[in-house]
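Written out below as structure tokens is the structure these notes cover.
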Amino acid sequence: MVWQLTHDGTMTHILILNGPNLNLLGTRQPEVYGTTTLADIETTCVDKARILGIEVAFRQSNHEGVLIDWIQDAKGKFDGIILNAGGYTHTSIAIMDAISSVDIPTLELHLSDIHAREDFRQTSYIGKVAFDAIMGHGAAGYPMAIDRMVAKLKN
Ligand code: CA2
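Take 1 as the starting number for the sequence shown in the numbering used here and just add one per residue.
Here it is as structure tokens:
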């Protein structure tokens with residue numbers, strides 16, 4: 001196995017965070033969010049990480065404060081954060097502030113293309129502090145996001 005190293009010589013660690021209601025994936029609204037469950041996506045991400053020689057931690061919470069605690073705690077432990085903040089994307093200045101405070105490269109991720117949906121999804125507070133966004137690719141967006149993050153961390 002060839003390990004992917006960060007600039008300081010340690011293995012790359014990526015934190016993948018999922019916000020509210022994403023635990024319901026694959027069980028409801030398959031026409032919008034697909035039939036893949038969040039557990040399936042986690043397996044895909046762990047397999048992808050193994051192939052790339054990196055480590056991922058994959059988490060979901062329905063609670064804004066829990067997501068903020070995980071972001072704050074990522075400082076010094078993770079090299080990058082991939083964040084699907086769910087509905088908090090469009091409301092949470094607090095999550096945006098948490099990302100700004102840790103100074104860890106953060107990639108915004110969505111299953112759906114939020115810009116092709118309702119007006120209330122057009123504002124993304126996460127997009128104001130993320131270096132890039134991947135959206136509209138369904139579950140396939142997760143491994144794409146890992147590739148994008150690894151490319152970012154190489155530069
Ligand atoms: O497209 C995305 O990934 C979203 O972050 C998903 C959020 C939505 O509020 C964002 O605007 C875009 C909603 C996640 C809800 O997921 C469900 C999955 C299955 C059934 C019901 C909800």
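Positions of the beta carbon are idealized from the N, C-alpha and C atoms, including for glycine. Just so we're clear, the structure is a prediction, and the values are computed from it rather than from any experiment.
Listed in chain order, the non-local C-beta contacts of A49 below 8 Å within the same chain comprise I14, E55, V56 and I146, local neighbours out to five positions each way being set aside.
Relative to the non-hydrogen atoms of the ligand CA2, the Cβ of N155 never comes closer than 6 Å to any of them. G136 places its beta carbon less than 7 Å from that of D113. For N18, the CB stays at least 6 Å from every heavy atom of the ligand CA2.
The stretch 62-77 makes contact with the stretch 85-94; the number of CB pairs closer than 8 Å reaches 3 or more.
Per DSSP, Q122 has no beta-bridge partner at all. For R148, the enclosing alpha helix (DSSP H) has its first and last residue at G141 to K154. For T44, the enclosing alpha helix (DSSP H) begins and ends at L38 to L52. With distances taken between CA atoms, L17 lies nearest to G86 out of T43, G86 and G26.
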